[in-house]
Amino acid sequence: MGGRSPGDGRVEDADERVRVVLADEGEVFRFGLRTVLRSGGDLVVVAEAAEAEAALAACAETAPDVVLVSHDLPGAEVGAVVGDLAALGVAVLVLGSVGPGGDLVETLRRGASGYVLKDVRPERLVEAVRAVARGETVLDAAATGSLLHQLDDPEPRQEAQDALTPRQQAVAALVAEGLTNSEIADQLRVSRATVKGHITVALRRLGLRDRTQLAIHVNRSRRDGEPPRLGSVTG
Numbered sequence: 015m016g017g018r019s020p021g022d023g024r025v026e027d028a029d030e031r032v033r034v035v036l037a038d039e040g041e042v043f044r045f046g047l048r049t050v051l052r053s054g055g056d057l058v059v060v061a062e063a064a065e066a067e068a069a070l071a072a073c074a075e076t077a078p079d080v081v082l083v084s085h086d087l088p089g090a091e092v093g094a095v096v097g098d099l100a101a102l103g104v105a106v107l108v109l110g111s112v113g114p115g116g117d118l119v120e121t122l123r124r125g126a127s128g129y130v131l132k133d134v135r136p137e138r139l140v141e142a143v144r145a146v147a148r149g150e151t152v153l154d155a156a157a158t159g160s161l162l163h164q165l166d167d168p169e170p171r172q173e174a175q176d177a178l179t180p181r182q183q184a185v186a187a188l189v190a191e192g193l194t195n196s197e198i199a200d201q202l203r204v205s206r207a208t209v210k211g212h213i214t215v216a217l218r219r220l221g222l223r224d225r226t227q228l229a230i231h232v233n234r235s236r237r238d239g240e241p242p243r244l245g246s247v248t249g
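Take the sequence shown: its position 133, counted from the start at 1, is 147 in this note's numbering, and no numbers get skipped.
What follows is the structure, given as structure tokens:
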């Protein structure tokens, strides 16, 4: 990792690693994030910001791959911040909370690429940053459950779960648990391309738009007591 410029969290000589901006008002919390991301080896923090306007300026200046934004970042409502950052072409990963009055739905509608809880495990945070940098959508498993009660989601076509093969069902179940494509590939011992293909087919067969809707569909089936047949399979 290149040396940091004094006082502004800037990193020089960022190579070809995933470039990340941190946006949180807490200096100690940002230090912890920086330490966690550094452990990944391929992630580099190129700038930091303590409020919304500074985050926008940092992203405009450094053109990062990913910006990590706390849901309570001072200076503007988080949905507006996410929308402005997404308009810059940056993948926005929100560090938030789940509960009544949460901001999960609004951030997704405004263009967030992912939403994880602030107490996410370090290794999961590293993988989430990598995933959104690759263009994937990442949702914490707890956040997926919250969407069932918050999201104004159009009903998908009422096709039987049997429309999916056992392998597609297994992939869908892991999407609902919040795993990224890489993590699903590792667990099922297939390639990332294969996982992506299964998700694409599952979305088409179920009449869904994206993996967020797929996760909601799986959780709704479980909640309603339908036999989901979504367990892991071999072969």
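The beta carbon of each residue, even a glycine, is placed where N, CA and C say it ideally should be.
C-beta contact flag for residue i and residue j at 8 Å
i: Glu-62; j: Arg-33; result: no
i: Val-185; j: Val-209; result: yes
i: Thr-158; j: Ala-229; result: yes
i: Asp-117; j: Val-140; result: no
i: Leu-109; j: Val-81; result: no
i: Asp-79; j: Ala-147; result: yes
i: Gly-125; j: Gly-97; result: yes
i: Val-134; j: Leu-107; result: no
i: Val-215; j: Gln-183; result: no
i: Leu-6; j: Val-59; result: Because the chain here runs from 15 to 249, residue 6 falls outside it and cannot be looked at.
i: Leu-222; j: Ala-177; result: no
i: Val-104; j: Cys-73; result: yes
i: Ala-190; j: Val-232; result: yes
i: Glu-150; j: Thr-121; result: no
i: Ala-145; j: Gly-192; result: no
Supposed contact pair residue j and residue i - C-beta distance, whole angstroms, cut 8 Å
i: Leu-99; j: Ala-64; result: Not confirmed; about 15 Å, so no contact.
i: Ser-53; j: Pro-136; result: 7 Å
i: Val-143; j: Leu-51; result: 7 Å
Continuous beta strand (DSSP E) stretch holding residue i: start and end
i: Leu-57; result: 57 to 63
i: Arg-33; result: 32 to 37
i: Ser-84; result: 80 to 84
Span of the alpha helix (DSSP H) around residue i
i: Gln-236; result: The sequence shown places Arg at residue 236, not Gln. 225 to 237 is the span of the alpha helix (DSSP H), which, as asked, contains Arg-236.
i: Ser-53; result: 41 to 53
i: Glu-197; result: 195 to 202
i: Arg-206; result: 206 to 220
i: Thr-76; result: 66 to 76
i: Arg-148; result: Unbroken run through Arg-148: none, as it is neither H nor E.
i: Arg-190; result: Note on identity: in this sequence residue 190 is Ala, with Arg being the wrong assignment. Segment 180 to 190, the alpha helix (DSSP H) holding Ala-190.
Residues bridged to residue i (per DSSP)
i: Leu-153; result: Tyr-129
Contact test: residue i Cβ vs the ligand MN heavy atom, cutoff 7 Å
i: Ala-190; result: Within the structure as shown, the ligand MN is missing, as the structure has no ligands at all.
Test: residue i CB closer than 8 Å to a CB of chain B
i: Thr-121; result: Of the chains in the structure shown, none is chain B; there is only one protein chain.
*Which ranges does the alpha helix (DSSP H) cover as unbroken runs of at least 4 residues, wholly within the region 87 to 135, from first to last along the chain?*
Here the runs fully enclosed are 92 to 101, 118 to 123.
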